[in-house]
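Protein chains: 2
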Amino acid sequence: MKTIPSVKGTRDFYPEQMRVRSWLYRTMGRVSTLFGYEEYDGPFLEYMQLYAAKSGEELVKEQAFVFQDRGGEWITLRPELTPSLARMVAQKQRQLTYPLRWWSFGPMWRYERPQKGRSREFFQWNIDLIGANSPEADAELVAIGAVFLREVGLEPSEVQILVNNRRLVDAQLEMLGIPGEQRPAVLRLIDRRDKMSPQAWEAYALETVGLEQTQFAGVRVMLENAALWEQSEELVRLFKALEALGVGEYVRYAPEIVRGLDYYTGTVFEARDADGEFRAILGGGRYDNLVAAVGGTPLAGVGFAMGDMVITLVLQKFGRIPSAEELAPAPVLVTVFDAETQYESMAVATELRAAGIPTALYPEVAKLGKQLKHASRIGAPAAVIIGPDEAAAGVVTIKDLVHRTQQTVSRQDLPAILRTLRPENPA
Amino acid sequence: MKTIPSVKGTRDFYPEQMRVRSWLYRTMGRVSTLFGYEEYDGPFLEYMQLYAAKSGEELVKEQAFVFQDRGGEWITLRPELTPSLARMVAQKQRQLTYPLRWWSFGPMWRYERPQKGRSREFFQWNIDLIGANSPEADAELVAIGAVFLREVGLEPSEVQILVNNRRLVDAQLEMLGIPGEQRPAVLRLIDRRDKMSPQAWEAYALETVGLEQTQFAGVRVMLENAALWEQSEELVRLFKALEALGVGEYVRYAPEIVRGLDYYTGTVFEARDADGEFRAILGGGRYDNLVAAVGGTPLAGVGFAMGDMVITLVLQKFGRIPSAEELAPAPVLVTVFDAETQYESMAVATELRAAGIPTALYPEVAKLGKQLKHASRIGAPAAVIIGPDEAAAGVVTIKDLVHRTQQTVSRQDLPAILRTLRPENPA
Numbered sequence: 000m001k002t003i004p005s006v007k008g009t010r011d012f013y014p015e016q017m018r019v020r021s022w023l024y025r026t027m028g029r030v031s032t033l034f035g036y037e038e039y040d041g042p043f044l045e046y047m048q049l050y051a052a053k054s055g056e057e058l059v060k061e062q063a064f065v066f067q068d069r070g071g072e073w074i075t076l077r078p079e080l081t082p083s084l085a086r087m088v089a090q091k092q093r094q095l096t097y098p099l100r101w102w103s104f105g106p107m108w109r110y111e112r113p114q115k116g117r118s119r120e121f122f123q124w125n126i127d128l129i130g131a132n133s134p135e136a137d138a139e140l141v142a143i144g145a146v147f148l149r150e151v152g153l154e155p156s157e158v159q160i161l162v163n164n165r166r167l168v169d170a171q172l173e174m175l176g177i178p179g180e181q182r183p184a185v186l187r188l189i190d191r192r193d194k195m196s197p198q199a200w201e202a203y204a205l206e207t208v209g210l211e212q213t214q215f216a217g218v219r220v221m222l223e224n225a226a227l228w229e230q231s232e233e234l235v236r237l238f239k240a241l242e243a244l245g246v247g248e249y250v251r252y253a254p255e256i257v258r259g260l261d262y263y264t265g266t267v268f269e270a271r272d273a274d275g276e277f278r279a280i281l282g283g284g285r286y287d288n289l290v291a292a293v294g295g296t297p298l299a300g301v302g303f304a305m306g307d308m309v310i311t312l313v314l315q316k317f318g319r320i321p322s323a324e325e326l327a328p329a330p331v332l333v334t335v336f337d338a339e340t341q342y343e344s345m346a347v348a349t350e351l352r353a354a355g356i357p358t359a360l361y362p363e364v365a366k367l368g369k370q371l372k373h374a375s376r377i378g379a380p381a382a383v384i385i386g387p388d389e390a391a392a393g394v395v396t397i398k399d400l401v402h403r404t405q406q407t408v409s410r411q412d413l414p415a416i417l418r419t420l421r422p423e424n425p426a
Numbered sequence: 000m001k002t003i004p005s006v007k008g009t010r011d012f013y014p015e016q017m018r019v020r021s022w023l024y025r026t027m028g029r030v031s032t033l034f035g036y037e038e039y040d041g042p043f044l045e046y047m048q049l050y051a052a053k054s055g056e057e058l059v060k061e062q063a064f065v066f067q068d069r070g071g072e073w074i075t076l077r078p079e080l081t082p083s084l085a086r087m088v089a090q091k092q093r094q095l096t097y098p099l100r101w102w103s104f105g106p107m108w109r110y111e112r113p114q115k116g117r118s119r120e121f122f123q124w125n126i127d128l129i130g131a132n133s134p135e136a137d138a139e140l141v142a143i144g145a146v147f148l149r150e151v152g153l154e155p156s157e158v159q160i161l162v163n164n165r166r167l168v169d170a171q172l173e174m175l176g177i178p179g180e181q182r183p184a185v186l187r188l189i190d191r192r193d194k195m196s197p198q199a200w201e202a203y204a205l206e207t208v209g210l211e212q213t214q215f216a217g218v219r220v221m222l223e224n225a226a227l228w229e230q231s232e233e234l235v236r237l238f239k240a241l242e243a244l245g246v247g248e249y250v251r252y253a254p255e256i257v258r259g260l261d262y263y264t265g266t267v268f269e270a271r272d273a274d275g276e277f278r279a280i281l282g283g284g285r286y287d288n289l290v291a292a293v294g295g296t297p298l299a300g301v302g303f304a305m306g307d308m309v310i311t312l313v314l315q316k317f318g319r320i321p322s323a324e325e326l327a328p329a330p331v332l333v334t335v336f337d338a339e340t341q342y343e344s345m346a347v348a349t350e351l352r353a354a355g356i357p358t359a360l361y362p363e364v365a366k367l368g369k370q371l372k373h374a375s376r377i378g379a380p381a382a383v384i385i386g387p388d389e390a391a392a393g394v395v396t397i398k399d400l401v402h403r404t405q406q407t408v409s410r411q412d413l414p415a416i417l418r419t420l421r422p423e424n425p426a
């Protein structure tokens, strides 16, 4: 009989992979909580209209997993969380307390060609500060991204958060005489510069976007001007706040960052590896109206999203993923000597668990050698043996599997001794 | 503009609901880890064949969310985790270390009529011990369920794990002369007793199942015989192990528990509230061959699943859901006095976060009264004020919002003082 395969673009999380996902989730949660954010979650299924309102029905059908339910309604597996966030906020807009600080981590689905750093089923951290409109609010979100990068062990020389401001870009385009209706195309042009050859890019600018030579030259000057941010009061305040928040070294102005979506209206940012090897690690920015497409009173905010795949590739490249032992220390193994003493073994295991020590009990009578081999294979720091003599004397034998030593101790002392051999589970 | 509704049978997790889900997940994780289990996860999307192999294509199409992908393949939103577990184990059957202890928590989907304790999108804890075949292994899983119930504060007088053994039932039916091919129908009959009137149930037994009067009487005697377990060596050993594991008071023999699925072959169990008000809180049992339907060498195991909805109803009924403050203590609020001192406020907030204290910073300059009102509304235990005088003197003012007191302290002392006002975040 043949094994049924998994679906293309999905992933199996064996304990080895799951440890990493859980570590990312824990770290995202810790950082979010440190900044005063509350965890929330939307449904995984939403009506297609919720996304179509923002992106158009055709695009949703092309890029998302959609299907008709039994009543003929189009259902979508959420490709992003923001529309659900908008719906949830709009539903309780008057009861909620602003500024609202919410974060979430969960699966999203997109119908894309699976490749390095991209799958059809992936996990994403979303974090938003809603109902506050200031460069200092924007700085908080950038700082959260930076603190996360620092928490997972990435250095400012390895990753940077690149920041720009849509209003600054807009003012520049205005000065170049590029009319409002042409600007979305120019933003897409800027977005594509590092994905095309200089020649192809110039041709795209002049022929497809329809820029004049002087306008194109002006755009190029803007993209090279590392001091342009000084003309934006918002960016000046943003960078000052980032220094005060202690993350200045992780952040720099980058005129080429515009973020594709129409949605953003002020500060935009994304995190990149310094070598430019990978796609954006996270991306976000300020929006004027979260609830525009779903009804409700206009509400401004700032937020970002970070998928689990690119950050994992970056962490792998720099060797920053903690070891299995650090992420999920193996349990102590309590062995079972024979059918009689196994109840003593169960009692000892129960005492250890009551003391908070993760403890696996060998689940049947078997040769001791086989059980000790199992202890080694699961990475147990120690095995506990209770034979008839030990049971009678109220003692146990500890085999320290790391230092290859052995000692006999009283049952009362056992938890304290094992605690010295085994690292704590990470918070 | 009208708000787009959420999909029927899905749930929005506002922070209030999310705190409870996260607490259940944390508790399931802590208990699983204490018993030496490793976290894993399967994909959320699987080919329909994976489920059809176990339940038949028609049943899957009727009870699950299924749709065709762009290649015409039928995809299913996982209605349960066991088939993914079987596939994952079969794929790496020779590399894995047995006994294998794995647990998971995540969303599942079933196309059911939403009602109290049942939704179309729900969360489920799955935990399995694979590659061990003994009543003591079964006892471990029952004990895990019991320790979880104890950890969330439910008493043995409020919830019980009811245990039976399929082989014992089988032996009884054999003695009553009920042939093997009729026994699945008799198991369904037993399963339905508490869902039908005595008259309807008897008619169902005699007419639909086709039992003879003496056989039906024998089944009834079996269901009333609270001492029958003494005839099962497996159950005798199981109950002895449960005593040694310290959970005897949470467990009892229940001849009426058979669990519907053909899948189970030995011990079966489910947790019920003592008043019988709700459906099963958890259900599981021993199986002979996890990987039967997906290829691979036969592999025995024992496991259970617990959804998030019934346990939540039970916990609500008994008032055992911890308060918002216990589940997710609110952050301290650092206020912003004016445009100048706000950078001092940012620095103080950064110091507090570095000290591990969750801290929200007011994200813009606003009247102090408004900021303090916000602190109260989010439940902050304290607000920190840094005006020009405080900034000059290197001190801060703490407003204790619980005891309604105020003091001025040095910045160095601030973290230690706030730590006494604010509970730790739960592990």
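Chains C and F, in that order, are what the protein sequence lines are. When the letters of the first sequence are read in order and numbered with numbering that gives the first Met the number 0, they come out as residues 0 to 426. When the letters of the second sequence are read in order and numbered with numbering that gives the first Met the number 0, they come out as residues 0 to 426. The beta-carbon is built from N, C-alpha and C at its ideal position, and this holds for glycine as well.
Item	Value
Entirely within the stretch 10-51 of chain F and at least 4 residues each: give me those alpha helix (DSSP H) ranges in chain order.	14-33
In chain order, which continuous runs of the alpha helix (DSSP H) of length 4 or greater are located wholly inside the stretch 61-108 of chain C?	81-90
What are the start and end residues of the beta strand (DSSP E) that includes TYR286/C?	281-286
Any C-beta of chain C within less than 7 angstroms: which residues of the stretch 346-357 of chain F qualify?	ALA346, THR349, ARG352 and PRO357
If you pair each beta-carbon of the stretch 358-376 of chain C with each one of the stretch 250-263 of chain F, do three or more pairs fall below 8 angstroms?	no
Relative to the C-alpha of ASP68/F, which candidate in GLY8/C, THR340/C and MET27/C has its C-alpha closest?	GLY8/C
Let me know the secondary structure DSSP gives LEU153/C once reduced to three states.	coil
Any C-beta of chain F sitting closer than 8 angstroms to the C-beta of LEU363/C?	With the sequence shown as reference, residue 363/C is identified as Glu, and Leu is not the correct amino acid for it. At least one chain F Cβ lies under 8 angstroms of GLU363/C.
Quick one: grab the DSSP three-state call for LEU298/C.	coil
Going by alpha carbons, who is nearest to LEU188/F out of THR207/F, LEU175/F, GLN171/F and ALA170/F?	THR207/F
Just how far apart, CA to CA, sit ALA199/F and PRO321/F?	43 angstroms
Taking the alpha-carbon of LEU99/C as reference, which of ALA359/F, ASP190/F and GLY295/F has the nearest alpha-carbon?	ALA359/F
Name, in chain order, the residues that DSSP records as bridge partners for ILE129/C.	LEU99/C and GLY300/C
Closest Cβ-Cβ distance between ARG421/C and chain F: below 8 angstroms?	no
Kindly give me the distance between the Cβ atoms of LEU148/F and ALA270/F, rounded to whole angstroms, as I take these residues to be in contact under 8 angstroms.	7 angstroms
Starting from the beta carbon of ASN424/C, find every residue of chain F whose beta carbon is closer than 8 angstroms, and list them in chain order.	THR32
Consider the Cβ of HIS373/F: report whether some Cβ of chain C lies at a distance smaller than 8 angstroms.	yes
Counting only beta-carbon atoms, is MET87/F nearer than 8 angstroms to chain C?	yes
When the Cα of PRO297/F is compared with those of ALA304/F, LEU289/F and GLU232/F, which residue comes out closest?	LEU289/F
Could you tell me which residues DSSP puts in a beta bridge with THR358/C?	VAL331/C
Closer than 8 angstroms is the cut-off here; do at least three beta carbon pairs connect the stretch 213-231 of chain C with the stretch 161-178 of chain C?	yes
Could you spell out where the beta strand (DSSP E) holding ILE397/C opens and where it closes?	394-399
Do LEU312/F and PHE268/F have their CB atoms nearer than 8 angstroms?	no
Look at the alpha carbon of MET0/C and the alpha carbon of VAL19/F, and state the distance between them as a whole number of angstroms.	Confidence at MET0/C is low in this model, with a pLDDT of 49, below 50, so its placement is unreliable and the value that follows should be read with caution. Taking the straight line joining both Cα atoms gives about 43 angstroms.
Between ARG343/F and ALA304/F, which are expected to be in contact by the criterion C-beta below 8 angstroms, what is the C-beta distance as a whole number of angstroms?	Residue identity check: residue 343/F is Glu in the sequence provided, not Arg. Not really, about 53 angstroms apart at Cβ, beyond 8 angstroms.
What residues in the stretch 161-176 of chain C have a beta carbon less than 7 angstroms from any beta carbon of chain F?	none
Could you tell me whether any Cβ in chain F is nearer than 8 angstroms to the Cβ of MET0/C?	Unreliable placement is indicated for MET0/C, whose pLDDT of 49 sits below 50; no coordinate value is reported for it.
Could you tell me whether the Cβ of TYR46/F comes closer than 8 angstroms to any Cβ of chain C?	yes
Please state if the CB of LEU237/C and the CB of PRO134/C are separated by a distance shorter than 8 angstroms.	yes
Check the Cβ of GLN90/C against every Cβ in chain F and list those closer than 7 angstroms, keeping chain order.	THR2
Residues in the stretch 107-131 of chain C with C-beta within 7 angstroms of chain F's C-beta atoms, listed in sequence order?	GLU120, LEU128 and ALA131
Just the Cα atoms here: how many angstroms apart are SER409/F and VAL333/F?	15 angstroms
Any residues in the stretch 207-232 of chain C with a beta carbon nearer than 8 angstroms to a beta carbon of chain F? Which ones, in chain order?	none
Could you tell me whether the Cβ of ALA243/C comes closer than 8 angstroms to any Cβ of chain F?	yes
Does the beta-carbon distance from LEU244/F to ALA382/F come in below 8 angstroms?	no
Give the DSSP bridge partners of TRP124/C, in chain order.	PHE104/C and MET305/C
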